[in-house]
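With numbering that gives the first Met the number 0 applied, the sequence shown has no gaps in its numbers, which climb one by one up to 249 at the end. Glycine included, every Cβ here is placed at the ideal spot set by N, Cα and C. Here's the structure, in structure tokens; my notes come after.
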Amino acid sequence: MATPLIGMTVDYSPVTDERPFSRGTDLYFQNTAYIRYLEKAQCVQVLLPTLENLQKIPFLISKLDGLLLTGGDDVYSESYGEKVMEGSWRIDVQRTHYEIALIKEAILQEKPILGICRGCQMLNVALGGTLYQDIPNQIPQHIQHQSTQKPKWQTHPIKIEPGSLLHKIIGETEITVNSSHHQAIKDVAQGLRVTARAADNVVEAVELDTARFILGVQWHPEEMQNERTSELLLGAFVSACTSISPAEVC
Ligand code: MN
0 MATPLIGMTV DYSPVTDERP FSRGTDLYFQ NTAYIRYLEK AQCVQVLLPT LENLQKIPFL
60 ISKLDGLLLT GGDDVYSESY GEKVMEGSWR IDVQRTHYEI ALIKEAILQE KPILGICRGC
120 QMLNVALGGT LYQDIPNQIP QHIQHQSTQK PKWQTHPIKI EPGSLLHKII GETEITVNSS
180 HHQAIKDVAQ GLRVTARAAD NVVEAVELDT ARFILGVQWH PEEMQNERTS ELLLGAFVSA
240 CTSISPAEVC
């Protein structure tokens, strides 16, 4: 049984003297929840620090069996042609450019992609779509998508489109998910299909019909990794990265 190698993007922490370690320097890091989540599956994982030089991306992608796009700072809005709105959260410009290049190359090389939260939005941006930069400011009558009292997570129901890949994976058309985002998909990229929405119509999942497995979810399965829906999602992703059947993955 082949063991798939999954590459995972990383988040960024700016220079600070507040930490007991690595004072006065900036860091690339990743939350342990993502690491533990993938570790549940029959795969090995590597972190992909944000590179400034994009030349080696085809080589990097060729070595991976799948790509996990993680959550994090806001997507740089100039990458989809919009000025950064006032009151934006922290923006990771380099990571935005890097992930666009990763996504395009992974699609070219037909590698499976799972996008989580910001990763779901990045899929849309890389393929030519746009984002709401701030749900509270731009979507009237929105429901609460932000987890303002973390570690207590906000949750809300979503409706899943029958017949979609997500529906085939999860087997239900309505589930409850956690929610910790203030941005969301606005104009959907050509070729991308919206396969789940919240009650306020905010996009909660997208997939690329022409690909074997290119799926973005706006919620955080890694933070509810013992739930059946999260295990099914992980199983389907890792299965798509190799010949392992979903039932054998986790
Ligand atoms: Mn949400």
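Exposed or buried, which one is F236 when buried takes at least 16 other CB atoms within 10 Å?
Answer is buried; the Cβ neighbour count reaches 16.
Restricting to Cα atoms, I'd like to know which of S178, M84, L4, Q145 is closest to L59.
Nearest Cα to L59 within the set S178, M84, L4, Q145: L4.
Does at least one heavy atom of the ligand FAD sit under 7 Å from the Cβ of S178?
In terms of ligand content, the structure shown lacks the ligand FAD and carries the ligand MN instead.
Thinking D25 and G71 are a contact (beta carbons under 8 Å), I'd like their distance in whole angstroms, please.
D25 to G71, Cβ: 14 Å. No contact.
For M7, count neighbouring Cβ atoms within 10 angstroms of its own Cβ and tell me buried if that reaches 16, exposed if not.
Classification for M7: buried.
So if DSSP puts V216 in a beta bridge, which residue, or which two residues, is it bridged to?
In the DSSP output, where bridge partners are listed per residue, V216 has I115, A204.
In the DSSP assignment, what residue or residues form a beta bridge with H180?
DSSP output for H180 lists no bridge partner at all.
Run through DSSP, which three-state label would Q44 get?
Residue state, collapsed to three classes: strand.
With a 10 Å radius around its C-beta and 16 neighbouring C-beta atoms as the bar for buried, classify D208 as buried or exposed.
Result: exposed.
As assigned by DSSP and simplified to three states, the class of R35:
Here R35 sits in helix by DSSP.
Hey, how far is the Cα of T69 from the Cα of F28?
Using only the alpha carbons, I get a separation of about 11 Å.
Y75 (DSSP reduced to helix, strand or coil):
Correct three-state label for Y75: coil.
Indicate, with yes or no, if the ligand MN has a heavy atom lying under 7 Å from the CB of W152.
Distances taken from the Cβ of W152 to the heavy atoms of the ligand MN include none shorter than 7 Å.
Quick check: T194 and S244, are their CB atoms within less than 8 Å of each other?
Not closer than 8 Å, so no.
So, are the CB atoms of T172 and P161 less than 8 Å apart?
It is a contact, given that the beta carbons lie within the stated cut-off.
What did DSSP end up calling P57 once you bin it into helix, strand or coil?
The answer is helix: DSSP assigns P57 an H, G or I state.
Comparing C-alpha positions only, which one of A40, R227, E247, Y79 sits nearest to V124?
Measuring from the Cα of V124, the nearest candidate turns out to be Y79.
Less than 8 Å separating the beta-carbons of G128 and I169?
No; because the gap between Cβ atoms is not below 8 Å, this pair is not in contact.
From A40 to T241, what distance separates their C-alpha atoms?
Between the C-alpha atoms of A40 and T241 there is a straight-line separation of about 12 Å.
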